[in-house]
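*Asks:* Sequence lines, in order, name chains A and B.
According to my numbering, the first sequence is numbered sequentially starting from 245.
According to my numbering, the second sequence is numbered sequentially starting from 74.
We treat Cβ as the ideally placed atom computed from N, Cα and C, and that holds for glycine.
Since we're looking at a predicted model, the values are computed, not measured.
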Amino acid sequence: MKKTHIIGIAIIAMAIAIIVSTAGDASSYVSFKEARELASEGNNNAVHVVGRLKKDPNNHILGMKYDPLLDPNYFTFTLVDTNRIEQQVVYFKPKPQDFERSEQVVIIGKMNRDIFVADKILLKCPSKYVENEIKAETAGL
Amino acid sequence: MINTFIGDLGHFCVILAFVAAIVSALSYFMATLKQPLGMVDANWQRLGRGAFFVHTLAVMGIIAALFTIIYTHRYEYYYAWSHSSNYLPTHFMISCFWEGQEGSFLLWIFWHTLLGLAIIKFNKKWEAPTMAVFAFVQIFLASMILGIVVGDLKIGSSPFILLRDFMPDAPVFKLNPNYIPSDGTGLNPLLQNYWMVIHPPTLFLGFAITLVPFAFAIAGLWKNEFKEWIKPALPWALFGGVVLGVGIMMGAYWAYETLNFGGYWNWDPVENAVYIPWLVLVAGIHTMVIYKRSKSALHTTFILVITTFLLVLYATFLTRSGILGNASVHSFTDLGLSGQLFSYLAAFVVLAIVLLIWRWKAIPATQKELTTYNSEFWVFIGAAVLCLGAFQVLVTTSIPVYNAFMGFIGIKTNLALPADQIAHYTKFQLWMGVAIAILSGFAQLMWWQKNDKEKLANALAVPLILTLLFVSLILVLGKMGIGPKIDNPIYIILLVASFFAVIANLGMIFTLVKRKAVLTGGAVAHIGIALMLIGILYSSGYSSIVSMNTSGLLYSREFPEDINRDNVLLFRNDDADMGKYKLTYKGKFLEVKDFPEYVNRELLFRLEDEHRALARTDLKYKDKLYFKTGDTVGIYPENTYYQVQYLEKESGKTFELYPRAQVNREMGFIASPSIKNGLTSDLYTHVSAVGNEEEREWSELKEFDLAIGDTLFLNDYFAVLKGIEPTRKIEGVQLGETDVAVQADLKIYGENNKEYHGHPIFVIKDSMVGRIPDEIEDLGLRLTFMNIDTKANRFKIGVNTTQKDYIILKAMEKPFINVLWIGTILMSIGFVMAIVRRYKEGSSVTDAAPDKGSAKQRATRSKQVANV
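1) Is it buried or exposed for Asp-81 of chain B, if we count other Cβ within 10 angstroms and need 16 for buried?
2) The beta strand (DSSP E) with Met-885 of chain B in it runs from where to where?
3) Note down, in chain order, every chain A residue with its Cβ under 7 Å from the Cβ of Pro-491 of chain B.
4) Hey, does His-304 of chain A have any beta-carbon neighbour from chain B nearer than 7 Å?
5) Residues of chain A with CB under 8 Å from Glu-298 of chain B, in chain order?
6) Let me check understanding here. Comparing Cα to Cα, which of B:Leu-579, B:Pro-710 and B:Leu-663 lies closest to Glu-683 of chain B?
7) As an exercise, report each continuous beta strand (DSSP E) stretch of at least 3 residues that is fully enclosed by the segment 341 to 375 of chain A, in chain order.
8) Can you tell me whether Arg-769 of chain B is buried or exposed, with buried defined as 16 or more other CB within 10 angstroms of its CB?
9) Could you check whether Phe-233 of chain B and Gly-111 of chain B sit closer than 7 Å to each other, using their CB atoms as the reference points?
10) Leaving out five residues before and five after Val-918 of chain B in sequence, what residues of the same chain have Cβ atoms less than 8 Å from its Cβ?
11) Give me the Cβ distance between Leu-599 of chain B and Val-452 of chain B, rounded to the nearest whole Å; I'm assuming they're in contact under 8 Å.
12) What does a CB cutoff of less than 6 Å around Gly-324 of chain B pick up in its chain, not counting 5 residues either side in sequence?
13) Could you tell me which of B:Ile-538, B:Val-591, B:Thr-540 and B:Ile-565 sits nearest to Gly-551 of chain B, measuring between CA atoms?
14) Got a sec, what are the start and stop residues for the beta strand (DSSP E) Leu-317 of chain B sits in?
15) Can you tell me which of B:Ile-538, B:Lys-558 and B:Leu-537 puts its alpha carbon nearest to the alpha carbon of Ile-547 of chain B?
16) Rounded to whole angstroms, what is the Cα-Cα separation between Gly-782 of chain B and Ser-772 of chain B?
17) Residues of chain A with CB closer than 8 Å to the CB of Val-468 of chain B, please, in chain order.
18) Quick one: grab the DSSP three-state call for Tyr-615 of chain B.
19) So which residues of chain A does Val-717 of chain B contact, with C-beta pairs closer than 8 Å?
20) With which residues is Phe-662 of chain B paired in a DSSP beta bridge?
21) Using a Cβ-Cβ cut-off of 7 Å, state whether Phe-742 of chain B counts as contacting chain A.
22) Any C-beta of chain B sitting closer than 7 Å to the C-beta of His-249 of chain A?
23) Counting contacts by CB-CB distance shorter than 7 Å, is Ala-389 of chain A in contact with chain B?
24) Residues in the same chain with beta-carbon distance under 7 Å from Ile-365 of chain A, minus the five sequence neighbours each way, listed in chain order, please.
25) Taking C-beta pairs closer than 7 Å, name the residues in chain B that Lys-339 of chain A reaches, listed in chain order.
26) I need the boundaries of the beta strand (DSSP E) containing Asn-737 of chain B, first residue and last residue.
27) I'd like the list of long-range same chain contacts for Val-316 of chain B, defined as Cβ closer than 7 Å, with 5 residues on each side in sequence excluded.
28) Of all the options B:Thr-331, B:Ala-463, B:Val-355 and B:Tyr-144, which has the alpha carbon lying nearest to the alpha carbon of Ala-388 of chain B?
29) Which residues in the same chain have their Cβ closer than 8 Å to the Cβ of Glu-670 of chain B, if we skip the five residues on either side of it in sequence?
30) Along chain A, in chain order, which residues have C-beta atoms closer than 8 Å to that of Asn-640 of chain B?
31) Looking at the C-beta of Met-258 of chain A, does it have a partner C-beta in chain B at a distance below 7 Å?
32) Indicate whether at least one CB of chain A lies closer than 7 Å to the CB of Ala-457 of chain B.
33) If the criterion is Cβ atoms closer than 7 Å, does the pair Ile-881 of chain B and Ser-761 of chain B meet it?
34) With a threshold of 7 Å between beta-carbons, can Ile-352 of chain A be considered close to chain B, or not?
35) Here's the rule: buried if 16 or more other CB atoms are within 10 angstroms of the residue's CB, otherwise exposed. What is Ser-367 of chain B?
36) Distance check for Tyr-148 of chain B and Val-836 of chain B, CA to CA, integer angstroms please.
Right under this line is the structure:
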């Protein structure tokens, strides 16, 4: 066998190893129900959960607490996933600014007993900058 | 008046550029059809060239028209309205170009025209086939900004669209179709940074240059000239390598300075999209060099050069089609052109692959086997490692694409990017770095000599011994507390590999420089890469948190283990101990136009126009008076700087950092760090959260009935009413003849014996009572002059208190980050040296084949090497 072939096989083998390993590292979007099941099975992988903040009919956010004067690194809130399951989430970092404005929240982390510990929070905010709106200015023309 | 002329002119230029590109591509194609390389149909070629010149002029016309629209604030055009504003400084108007997708396509097109002209001038022999490829690519790019709708099909998005055509349903246009907004919505303040003026053009130049080797490779395949193209293409490939590399690092530096994720690289898909083609391009450069030396790896070279360009197109597709969705923070907004982008990508992939397969058998291959004693063999392995590294990043970055693809064929998938991306990428890329470092040192030692077991051992001995000595020394020093202590075995391996690369390449430079300095380009670039690896290892691997929360005050004890509490709360004017520093948050500052320092917000009186303020005191810097009290100054309202004083406890020295918080219209609140650059480490500080001014709650008003000289007690402070004086000048209020205004002078004694003055004002204007309260932000006090009892000479002062101002801060130390930047500069220098060398090789006739018959030369070289 020629050396080029050996190299070629080695490269292909490594490429396959990369794909397999990436598939293993890839996270997934799940619901809280699945997240709880995964945790109870002892699966320690971090997952993505998409949800919205819990709100009362007057649009007030419920179950959110952040008191920087007590502990700036503790933020907790309640997230409702797409299947309408509620879950308390804890984030050991300061509350992201504009959190209240977010339309949709993606949390990355895992269940720890009854609480979802988020390592990362991604917010989808409605852009303040709505392109179809122009402030009606008096000084027009 | 709406000026439609300039836009119509611009749009005409777009169409002209598009049509001229078609004519040019077609003519060049006809000129070289069925002709061997170097032979052309002169008429067709003349037409092709002429059309390309017209195309170039039209592109300049588009740029001139668009710049005029932005520069003259023509907000009737959507592009100016959405990317610029009245207050934007001119140098940032250039950045407006590439904030939008259309402008960045324009930039790319522009670079292509310049590169095309360079080929016409310098590569006459290759002109027709390469320019056919160039013009063909230009057709596609120009169509992206064409902005023509055929039926339901939207082809491209024009930068010259009028605002009223962009949003025809907006109510204001129903009332007045000629409405022109008086101001634009502005350039994203995050991009108002000098790096953002030069980083995108650099990156797009890099993108554009990858087309040159691609065009040569395609021309070579087309014309059955499988070898000749490498010589002219190599300097271009090197040029692309350095420009893309520098562009990537500029982006990294911008992110380090501006974003707050705590570093320079975040494995964001947009960053990866450039990193992947760069790695493949560098691999391609190496196989080209192998080919020039030993006539092997020609097939691989074709694959890599073509793949590089296709990956650039793929990067464009990823970042501009909206496919990344939530996965990236800074991809462009979707213009609904993903179909068009995808069809281009598909067209080029299919055409290139078909051509390559068609000619595959005809590409000459050498029968000679490379042995492990050939340096080319190890360079080839290095190129393979680079490609595997690129492949790994590609596989992960494309995860959102798999979901989209599966969704397209009707299968719902829920694959997400790895939760800990840094750990995921590091796992692979670190080993790529190790392999590259070792191979670059090893192959460089072998490159300049004829190798056998004994010679190789000799060449390796000294660098290896030096490396081990050096690394041991560093490890011992680390144990003694000088520099970070390195005990992770994987990091030690990377350190050894990188130092080996530095020392081996450095040794090579010393030997080569005596012979011909220009040959050392490769060695210099490799040292640069190795230094970058060392810089990354230290600054990222050993970045340490300074702001560890040591108060012991924990809100919850639910999970006390393994949680890093990296943020601390700083009350205004309170001290906090952090490691070797004592920190004090001193107040909020603003940037004043044409003044060298940040100015305390309390010294500025904000006007209704948020870009203007009145100076409450003389603004001086180093004894030079810039503004007098009462002057109107320009300010940048979106940025607030939080002054944090650092006191080095050991030396007693102090310095200030100004981490920034920006209220960003498009992205909300964005914190940017303030960095104290040191020789051996950077101190990196950013705010994580700040007290919200709008949601501050004031206590109920407490009234005090005072005579002059009386003292009042306010929570922790006390104040004295020093006097009452009439005043005529009130900012923002016009006083008439009969109006009266008086202001109280209160002296408040705060913490650390600091004194403050409060001046609440009581006004009677047009027989109406008005009260202008004064706020002392430092103390969280608001004073209001409530009433005057002229008979008893007593005054009523109202006081509200609020939560004291605070910030939450994170601070990190990043050791030896300068090594990374130094490495980047060295790498660039090395690249430039290699370009010079390869360009001379390509152009000089006498020295046309320096590598031919090199056995003899190499024998003498190795003798020289042995002598040293």
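*Replies:* Considering the structure as presented:
1) Locating residue 81 of chain B in the second sequence gives position 8, counting from the first residue. By the neighbour-count rule (16 or more Cβ atoms within 10 Å), Asp-81 of chain B is not buried but exposed.
2) In the second sequence, the residue the question calls residue 885 of chain B occupies position 812. Here the beta strand (DSSP E) through Met-885 of chain B covers 879 to 888.
3) On the second sequence, residue 491 of chain B is found 418 positions in, with the first residue counted as 1. Asp-269, Ala-270 and Ser-271, listed in chain order.
4) The residue labelled residue 304 of chain A in the question sits at position 60 within the first sequence. Not an interface residue.
5) For this step, residue 298 of chain B is matched to residue 225 along the second sequence. Going along chain A, no residue has its Cβ under 8 Å from Glu-298 of chain B, so there is no contact; the nearest lies around 24 Å.
6) Stepping through the second sequence from its first residue, residue 683 of chain B is reached at position 610. For Glu-683 of chain B, the closest of B:Leu-579, B:Pro-710 and B:Leu-663 by C-alpha to C-alpha distance is B:Pro-710.
7) As far as the segment 341 to 375 of chain A is concerned, its whole beta strand (DSSP E) runs of at least 3 residues are 348 to 356 and 359 to 368.
8) One-based indexing of the second sequence puts residue 769 of chain B at position 696. It counts as exposed.
9) In the second sequence, counting from the first residue as 1, residue 111 of chain B sits at position 38. In the second sequence, counting from the first residue as 1, residue 233 of chain B sits at position 160. Contact: no.
10) Residue mapping note: residue 918 of chain B aligns to position 845 of the second sequence, counting from 1. Here Val-918 of chain B scores only 42 on pLDDT, less than 50, and its place in the model should not be relied on; the value that follows carries that caveat. Spatial neighbours of Val-918 of chain B in its own chain (CB-CB distance under 8 Å, excluding positions within 5 residues in sequence) are not present.
11) By 1-based counting over the second sequence, the position of residue 599 of chain B is 526. By 1-based counting over the second sequence, the position of residue 452 of chain B is 379. A small correction: the amino acid at residue 599 of chain B is His; Leu does not occupy that position in the sequence shown. So it is not a contact: roughly 11 Å between Cβ atoms.
12) In the second sequence, residue 324 of chain B corresponds to position 251, counting from 1. The answer, listed in chain order, is His-272.
13) Counted from its first residue, the second sequence places residue 551 of chain B at position 478. The option with the nearest alpha carbon to Gly-551 of chain B is B:Ile-565.
14) Looking up residue 317 of chain B in the second sequence gives position 244. Taken as a continuous stretch (DSSP letters only), Leu-317 of chain B belongs to no beta strand (DSSP E), being part of the alpha helix (DSSP H) at 303 to 331.
15) Here residue 547 of chain B refers to the residue found at position 474 when the second sequence is read from its first residue. Checked all of B:Ile-538, B:Lys-558 and B:Leu-537; the closest Cα to Ile-547 of chain B is B:Lys-558.
16) Along the second sequence, read from residue 1 onward, the residue named residue 782 of chain B stands at position 709. Along the second sequence, read from residue 1 onward, the residue named residue 772 of chain B stands at position 699. Going from the Cα of Gly-782 of chain B to the Cα of Ser-772 of chain B covers about 25 Å.
17) Sequence index remark: in the second sequence, residue 468 of chain B carries index 395 (1-based). Those are Ile-262, Ile-263 and Thr-266, listed as they occur along chain A.
18) As a working note, residue 615 of chain B is residue 542 in the second sequence. Looking at Tyr-615 of chain B - three-state DSSP - the assignment turns out to be coil, as it is neither helix nor strand.
19) Walking along the second sequence from the start, residue 717 of chain B turns up at place 644. None at all; the shortest Cβ gap to chain A is about 15 Å.
20) Sequence index remark: in the second sequence, residue 662 of chain B carries index 589 (1-based). B:Asn-673 and B:Tyr-714, per the DSSP bridge assignment.
21) As a first step, residue 742 of chain B must be located in the second sequence, where it is residue number 669. At least one chain A Cβ lies under 7 Å of Phe-742 of chain B.
22) Numbered from its first residue, the first sequence carries residue 249 of chain A at position 5. Chain B contact via Cβ: absent.
23) Given that chain A is displayed from residue 245 to residue 385, the structure contains no residue 389 of chain A and the question cannot be resolved.
24) Your numbering for residue 365 of chain A matches position 121 in the first sequence. Answer for Ile-365 of chain A: Tyr-335, Pro-340, Val-349 and Ile-351, listed in chain order.
25) Counting from 1 along the first sequence, the entry for residue 339 of chain A is found at position 95. Here the neighbours are Ala-762.
26) In the second sequence, the residue the question calls residue 737 of chain B occupies position 664. Per DSSP, Asn-737 of chain B belongs to the beta strand (DSSP E) from 733 to 737.
27) Against the second sequence, residue 316 of chain B aligns to sequence position 243. Thr-275, Leu-278, Gly-279 and Ile-282, listed in sequence order.
28) On the second sequence, position 315 is the one that residue 388 of chain B refers to. It is B:Ala-463 whose Cα lies nearest to the Cα of Ala-388 of chain B.
29) For this step, residue 670 of chain B is matched to residue 597 along the second sequence. Taken in chain order, the residues that qualify are Tyr-694.
30) Taking the second sequence and counting its residues from 1, the one referred to as residue 640 of chain B is at position 567. Under the 8 Å cutoff, chain A gives Pro-316, Asn-317, Lys-337 and Pro-338.
31) Taking the first sequence and counting its residues from 1, one reaches residue 258 of chain A at position 14. Interface residue, yes.
32) Reading the second sequence from its first residue, position 384 is the one you call residue 457 of chain B. Ala-457 of chain B counts as touching chain A.
33) Working through the second sequence from its first residue, we reach residue 881 of chain B at position 808. Working through the second sequence from its first residue, we reach residue 761 of chain B at position 688. Cβ distance < 7 Å, so Ile-881 of chain B and Ser-761 of chain B count as in contact.
34) The count along the first sequence starts at 1 and reaches residue 352 of chain A at position 108. Output row for Ile-352 of chain A: interface = yes.
35) By 1-based counting over the second sequence, the position of residue 367 of chain B is 294. Around the C-beta of Ser-367 of chain B, 16 or more other C-beta atoms lie within 10 Å, and the residue is accordingly described as buried.
36) Residue mapping note: residue 836 of chain B aligns to position 763 of the second sequence, counting from 1. Residue mapping note: residue 148 of chain B aligns to position 75 of the second sequence, counting from 1. Approximately 42 Å between the Cα atoms of the pair.
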